Amino acid sequence: MARKDAILKEVSNSVKWSRQSPLQSVLLAGLVLFFVSHFVLLSPSSLEDDFGGMRVIHPRDLLGLLQNEPETLAVSELPGNTPPSYSLRDLRIASSHQRSPEFLLSARKSVSFQKEELTHFRDLEVTTVDRMVILSKEALYRQKENVIHFLGDVRVRLPGGAEIQTETAELVTRPALHIRVPVSVRVQGRHIKGKNQVTFSANGLDYLADDPEHLKLLQRVEVKTRSARELAIYSDSADYSENLGRLAFTMSEKRPIQEQFVRLIEPAFELKARNLELDLSGEKELQTVRAEKDVWFEESAETGRKTSGTGGRGTYSVESGRVTLSEFPQLYQDRDTITGEIILFHRDSDTIEVRQSNASYGN
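Residues in the sequence shown are numbered consecutively from 3, following our numbering.
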């Protein structure tokens with residue numbers, strides 16, 4: 003009888019367990035759902051964004067992946083198999099050498115490789131001690147070489163007012179500030195002073211911030227000015243001295259001799275010479291263009307008459323339109339030939355002044 007009662011009690015408990023099991027199943031499912039939601043919803047969003055799928059990550063790719071950034075423009079210059087040491091946001095660096103300030107650098111993001119002494123920046127601005135400002139999308143700072151390599155929409159504002167735009171440039175910080183752009187890269191720029199506006203383009207650039215400061219345009223130079231008149235100058239190279247306000251144009255000696263001429267072109271007017279210099283020191287207007295060696299010009303008047311001249315030296319006053327020839331000058335108008343010590347041709351009034359004239363007139 004006792005055994006029978008024990009069996010009946012065990013069966014009764016089994017029935018109660020079976021009746022409670024649906025509720026326990028629901029509770030168990032709820033606990034599982036709670037823990038899954040906890041790990042999914044409370045995980046960092048950056049992990050969800052960056053590591054949402056299973057994939058192999060190259061150490062070099064961490065530069066963009068960890069910062070949620072597009073692929074870097076400096077991918078070929080970064081350490082191939084070395085992950086970055088650390089990353090910083092809103093970075094500001096004040097660099098000095100032997101207690102003398104050099105430059106101030108600010109960037110939105112940076113990634114550093116300590117062993118290689120290399121830092122990659124995004125959206126940065128560099129201001130040097132002489133107030134030169136450089137902005138770019140990216141840059142690599144090589145501490146060992148004292149070189150900052152700028153990449154992507156590089157914009158440079160020089161202390162004298164010239165502004166430069168290019169896709170890549172290097173800043174050497176020691177021993178003197180030096181900006182370099184290779185000849186394979188096209189450079190655009192402008193300089194505004196008073197009413198003078200000068201725009202230029204060239205292949206390659208070299209800037210030395212010593213005394214006097216020099217900006218060198220290395221190849222295929224094109225300069226346009228807008229002041230009293232609009233003109234364009236074409237040459238192989240040019241050297242701009244900011245302190246003196248002069249832009250000197252030259253041609254390569256590798257060219258055939260008949261092609262070694264700097265050309266100045268205006269509507270209905272052309273001037274060329276072996277060497278040419280543009281004076282930008284005037285406060286109000288572009289003052290003069292100085293030409294040396296085998297100077298030649300030609301003017302085509304609205305009436306159809308042409309005037310041309312040659313000389314060893316020449317000056318062109320852009321505002322007044324006056325051309326002055328010296329060193330055995332000659333001027334030709336229609337079939338007339340005029341010579342003298344100095345010849346002045348006034349373009350606007352179509353008049354000629356001659357000192358110690360020796361004119362000959364055709365029939």
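The beta-carbon is built from N, C-alpha and C at its ideal position, and this holds for glycine as well.
Since the model is a prediction, treat every value here as computed from it, not as a measurement.
Close Cβ partners of residue i (< 8 Å) along its chain, the five nearest in sequence each way excluded
{"i": "residue 120", "result": "80, 81, 114, 142, 143, 144, 145"}
{"i": "residue 240", "result": "202, 204, 218, 219, 223, 225, 249, 250, 251, 252"}
Continuous beta strand (DSSP E) stretch holding residue i: start and end
{"i": "residue 116", "result": "Premise fails: residue 116 is in no beta strand (DSSP E) and is neither H nor E."}
{"i": "residue 93", "result": "88 to 99"}
{"i": "residue 139", "result": "135 to 144"}
{"i": "residue 330", "result": "Counting along the chain, residue 330 falls outside any beta strand (DSSP E), and DSSP gives it neither H nor E."}
{"i": "residue 319", "result": "308 to 319"}
{"i": "residue 153", "result": "149 to 159"}
Close beta carbons around residue i, own chain, < 7 Å, minus the five adjacent residues each side
{"i": "residue 131", "result": "103, 104, 105"}
{"i": "residue 154", "result": "75, 138, 139, 140, 169"}
{"i": "residue 348", "result": "323, 324"}
Nearest-angstrom Cα separation, counted from residue j out to residue i
{"i": "residue 242", "j": "residue 84", "result": "43 Å"}
{"i": "residue 209", "j": "residue 174", "result": "10 Å"}
{"i": "residue 280", "j": "residue 217", "result": "14 Å"}
{"i": "residue 93", "j": "residue 178", "result": "24 Å"}
{"i": "residue 336", "j": "residue 152", "result": "56 Å"}
{"i": "residue 191", "j": "residue 228", "result": "14 Å"}
{"i": "residue 156", "j": "residue 138", "result": "4 Å"}
{"i": "residue 74", "j": "residue 315", "result": "53 Å"}
{"i": "residue 232", "j": "residue 203", "result": "16 Å"}
{"i": "residue 125", "j": "residue 112", "result": "9 Å"}
{"i": "residue 342", "j": "residue 325", "result": "14 Å"}
{"i": "residue 258", "j": "residue 298", "result": "18 Å"}
{"i": "residue 236", "j": "residue 260", "result": "15 Å"}
Spatial neighbours of residue i in its chain, beta-carbon cut-off 6 Å, leaving aside the 5 residues before and after
{"i": "residue 135", "result": "129, 159"}
{"i": "residue 127", "result": "108, 137"}
{"i": "residue 238", "result": "253, 254"}
{"i": "residue 91", "result": "111"}
{"i": "residue 332", "result": "312, 341"}
{"i": "residue 49", "result": "In this prediction, residue 49 has a pLDDT of 39, which is less than 50 and means its spatial position is unreliable; nothing more can be read from the coordinates."}
Reference residue i; option with closest CA among the options
{"i": "residue 275", "options": "268, 251, 269, 289", "result": "251"}
{"i": "residue 328", "options": "96, 312, 322", "result": "312"}
{"i": "residue 78", "options": "110, 350, 122, 273", "result": "122"}
{"i": "residue 303", "options": "272, 291, 294", "result": "272"}
{"i": "residue 296", "options": "270, 320, 306, 262", "result": "262"}
{"i": "residue 255", "options": "277, 330, 317", "result": "277"}
{"i": "residue 338", "options": "266, 212, 308, 318", "result": "308"}
Go through the segment 228 to 295 residue by residue and report every complete run of the alpha helix (DSSP H) that reaches 4 residues or more, in order. List check, alpha helix (DSSP H) in window: nothing returned.
Run through the segment 162 to 192 for me and flag every whole beta strand (DSSP E) of 3 or more residues, listed as ranges in chain order. With a minimum length of 3 residues, the continuous beta strand (DSSP E) runs that stay inside the segment 162 to 192 are 165 to 174.
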